[in-house]
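Visitor: Pasting a structure below so you can have a look.
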Amino acid sequence: PDRKDIHYFGAGPAPLPTEVLEEASKVLLNYEKKGIGITEISHRSPEANAILASTKSALRTLLSIPDSDGPDGYEILFLQGGGSGEFSATVYHMVSIWVAKQWKHIQNHSHIGVGEDVAIAALRDVVEEKMKLDYLVTGSWSLKASQEAARLVGEEKVNIVADARKHREGGKFGVVPAEDTFTATTDEADCAMTYYCDNETVDGVEFQAPPSGHNLVADMSSNFLSRPIDVKRHAAIFGGAQKNIGTTGVTLAIISKKFLPPHAEMADSKLLRKLGLPVGPVVLDWPTIAKNNSLYNTLPIFDVWIAGQVMERLISLHSDASSAIKGQEDESDKKAGMLYGALDGYPEIYSVVPDMSVRSRMNICVRVKGGHAEAEKAFLKGAEAKGLMGLKGHRSVGGVRISNYNAVPVAAAEKLTAYLEEFAKEQK
Ligand code: PLP
2 PDRKDIHYFG
12 AGPAPLPTEV
22 LEEASKVLLN
32 YEKKGIGITE
42 ISHRSPEANA
52 ILASTKSALR
62 TLLSIPDSDG
72 PDGYEILFLQ
82 GGGSGEFSAT
92 VYHMVSIWVA
102 KQWKHIQNHS
112 HIGVGEDVAI
122 AALRDVVEEK
132 MKLDYLVTGS
142 WSLKASQEAA
152 RLVGEEKVNI
162 VADARKHREG
172 GKFGVVPAED
182 TFTATTDEAD
192 CAMTYYCDNE
202 TVDGVEFQAP
212 PSGHNLVADM
222 SSNFLSRPID
232 VKRHAAIFGG
242 AQKNIGTTGV
252 TLAIISKKFL
262 PPHAEMADSK
272 LLRKLGLPVG
282 PVVLDWPTIA
292 KNNSLYNTLP
302 IFDVWIAGQV
312 MERLISLHSD
322 ASSAIKGQED
332 ESDKKAGMLY
342 GALDGYPEIY
352 SVVPDMSVRS
362 RMNICVRVKG
372 GHAEAEKAFL
382 KGAEAKGLMG
392 LKGHRSVGGV
402 RISNYNAVPV
412 AAAEKLTAYL
422 EEFAKEQK
């Protein structure tokens with residue numbers, strides 16, 4: 002089939018606007034009439050720098066990210082290693098920041114003449130007794146992130162603020178527990194970070210607003226650029242590009258300048274080693290990447306270019322840049338509303354997996370006839386016959402998953418809505 006005959010609802014990698022891909026095929030061969038393609042030029046060339054600058058600027062505009070000058074600003078980083086790489090980077094970084102703060106405190110309050118060994122022993126006690134990483138586990142991805150934290154710093158340091166599975170009959174994900182049930186680390190000063198996943202891609206659970214929490218870090222891999230974000234509530238936000246932003250291979254991070262002090266003010270590798278804490282790879286080290294304008298090592302500039310094109314296109318589709326992200330949110334709501342509407346219209350055929358209050362606009366997780374294997378197979382087969390592809394649920398949970406990312410056109414959602422109704426009527 003031709004591209005125009007297919008509507009793809011895969012969860013990631015996911016569709017990109019056709020116009021962006023058409024332009025991409027040209028720049029792969031010849032970038033800006035230089036006679037050489039975009040993947041062949043140096044990441045340190047003026048062209049690459051211009052791509053980086055314009056992509057950052059578009060992201061800043063879209064999400065109203067405070068400028069990087071001054072402590073209230075935010076830095077934008079481009080990294081590799083995907084969302085999973087950031088599961089680790091967040092731990093390395095937030096632990097290092099927390100340790101540096103305690104170290105400074107101990108040094109300021111030590112009596113003159115106290116040896117470094119004594120001070121380090123005091124610091125080790127503080128780390129052992131107090132340091133916690135708070136995780137909100139609301140689905141498979143935040144669970145994975147919390148498991149990575151446990152692998153790096155030890156299970157005893159990971160505080161599961163809420164495990165959504167314990168708040169639901171059947172023990173499956175599908176709710177965001179009420180904040181009055183959270184078991185956050187009691188003393189805020191002990192909490193190195195509070196981690197949450199804004200949209201759980203596998204389970205179809207999306208936060209309606211950022212949760213409470215000290216030193217808030219968010220994984221927005223699967224709903225980045227789909228609605229405005231309260232950036233200032235966060236210490237850091239990250240996400241892989243391959244769903245709403247661009248191609249696989251680049252990860253974006255938005256980090257508060259308050260959490261990006263000069264290296265000299267962070268816990269260095271020597272100190273971390275003495276404490277038995279992990280020292281991360283330099284390519285995941287946010288301050289190193291920030292200091293080098295994301296060019297510490299070879300950055301896939303083509304991926305950055307794609308992301309920039311996607312963002313600039315989004316801006317260009319709206320009369321003024323500041324309304325672009327709201328416009329995207331409205332469109333996402335419209336498509337998701339249409340699809341959920343069709344599903345809710347046939348409760349004897351379709352059951353949406355998560356609770357109504359946390360339904361994701363991006364990943365719509367459904368069981369057909371309560372998870373009847375033959376019915377789900379027939380649903381997928383019928384969809385494919387109509388060019389509606391990528392609807393199989395994640396291998397860990399099964400069922401059907403409709404990924405409604407930004408590049409899924411309204412017309413595609415309409416076609417799928419019609420199929421949902423048609424299939425349901427046939428089954429009656
Ligand atoms: N976080 C979320 C919410 C995701 O959906 C995914 C991947 O689908 C990841 C993290 C992991 O991303 P990556 O495969 O880029 O490491």
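In full-length UniProt numbering, the protein residues as written are 2 to 429.
Think of the CB as a built atom: it goes at the ideal place given N, C-alpha and C, for glycine as much as any other residue.
What you are looking at is a predicted structure, and each value in this text was computed from that prediction instead of being measured.
(1) Write down the C-beta distance between CYS198 and TRP142 rounded to the nearest angstrom, noting that I regard them as a contact closer than 8 Å.
(2) Mapping DSSP to helix, strand and coil, what is PHE303?
(3) Rounded to whole angstroms, what's the CA-CA distance from residue 498 to VAL119? Just pull it up for me.
(4) Measure the C-alpha to C-alpha separation of VAL359 and LEU340 and round it to an integer number of angstroms.
(5) Could you tell me which residues DSSP puts in a beta bridge with ILE161?
(6) Using the C-alpha atoms, what's the distance from ARG166 back to GLU180?
(7) Would a C-beta distance cut-off of 9 Å place GLY241 and GLY13 closer than the cut-off?
(8) With a threshold of 16 other CB atoms inside 10 Å of the CB of GLY371, please say whether the residue is buried or exposed.
(9) For ALA237, which beta-bridge partners are listed by DSSP?
(10) Give me, in chain order, the residues of the same chain whose beta-carbon lies closer than 7 Å to that of LYS57; leave out the 5 immediate sequence neighbours on both sides.
(11) Rounding to the nearest angstrom, what Cα-Cα distance links SER397 and ASP6 in this structure?
(12) Report the three-state DSSP secondary structure of ILE230 (helix, strand or coil).
(13) Output the residues surrounding ligand 1, defined as those with a CB atom closer than 5 Å to any ligand heavy atom, in chain order.
(14) Classify ASN364 as helix, strand or coil using the three-state DSSP reduction.
(15) So, helix, strand or coil for ARG45, using DSSP?
(16) Hey, how far is the Cα of ILE403 from the Cα of GLU330?
(17) Nearest-angstrom Cα distance between HIS106 and ALA236?
(18) Please identify the residue among ILE316, ILE365 and TRP306 whose C-alpha is closest to the C-alpha of LEU344.
(19) Go to SER352, then tell me how far its alpha helix (DSSP H) extends in each direction, as first and last residue.
(20) Out of GLU23, ALA254 and ALA122, which has the shortest C-alpha to C-alpha gap to LEU276?
(21) Check the C-beta distance from ASP135 over to VAL92 and give it rounded, since I have them as a contact under 8 Å.
(22) In this structure, how does DSSP classify GLU24 when only helix, strand and coil are distinguished?
(23) Exposed or buried, what is ASN224 when buried is set at 16 or more other beta-carbons lying within 10 Å of its beta-carbon?
(24) Counting C-beta neighbours from all protein chains within 10 Å, is the total for ARG362 16 or more, i.e. buried, or is it exposed?
(25) Only counting runs of 3 or more residues, tell me where the beta strand (DSSP E) segments fall wholly within the stretch 313-401, in order along the chain.
(26) Three or more beta-carbon pairs under 8 Å between the stretch 147-154 and the stretch 211-227, yes or no?
(27) So what's PHE79 in DSSP terms, helix, strand or just coil?
(28) May I have the straight-line CA-CA distance separating GLN81 from ALA291, to the nearest angstrom?
(29) On the premise that LEU300 lies in contact with HIS44, defined as a C-beta separation below 8 Å, what is that separation, rounded to the nearest angstrom?
(30) Would you mind sorting SER97 into buried or exposed? The rule is 16 or more other CB atoms within 10 Å of its CB.
(31) Of all the options VAL177, VAL21 and TYR9, which has the alpha carbon lying nearest to the alpha carbon of ALA308?
(32) State the start and end residues of the unbroken alpha helix (DSSP H) segment that holds THR289.
(33) For ALA193, report the span of its beta strand (DSSP E) as first-last.
(34) What first and last residue would you give for the alpha helix (DSSP H) that runs through VAL411?
(35) Does VAL115 come out as helix, strand or coil in the three-state DSSP assignment?
(36) Can you list, in chain order, the residues of its chain with a C-beta nearer than 8 Å to that of ALA322? Leave out the 5 residues immediately preceding and following it.
Guide: Taking the coordinates as given:
(1) 5 Å
(2) helix
(3) There is simply no residue 498 to check, as the chain begins at 2 and stops at 429 in what is shown.
(4) 15 Å
(5) TYR136
(6) 15 Å
(7) yes
(8) exposed
(9) VAL218 and ILE256
(10) ILE77
(11) 29 Å
(12) coil
(13) GLY13, GLY83, GLY84, SER85, TRP142, THR202, ASP220, SER222, SER223 and GLY241
(14) strand
(15) coil
(16) 17 Å
(17) 21 Å
(18) ILE365
(19) Looking at the DSSP string, SER352 is not in any alpha helix (DSSP H); the run it does join, the beta strand (DSSP E), is 351-353.
(20) ALA122
(21) With 8 Å as the limit, ASP135 and VAL92 do not qualify as a contact, their Cβ atoms being about 12 Å apart.
(22) helix
(23) buried
(24) buried
(25) 351-353 and 364-369
(26) no
(27) strand
(28) 13 Å
(29) 5 Å
(30) buried
(31) VAL21
(32) 287-292
(33) 192-198
(34) 411-428
(35) coil
(36) THR62, LEU63 and ILE316
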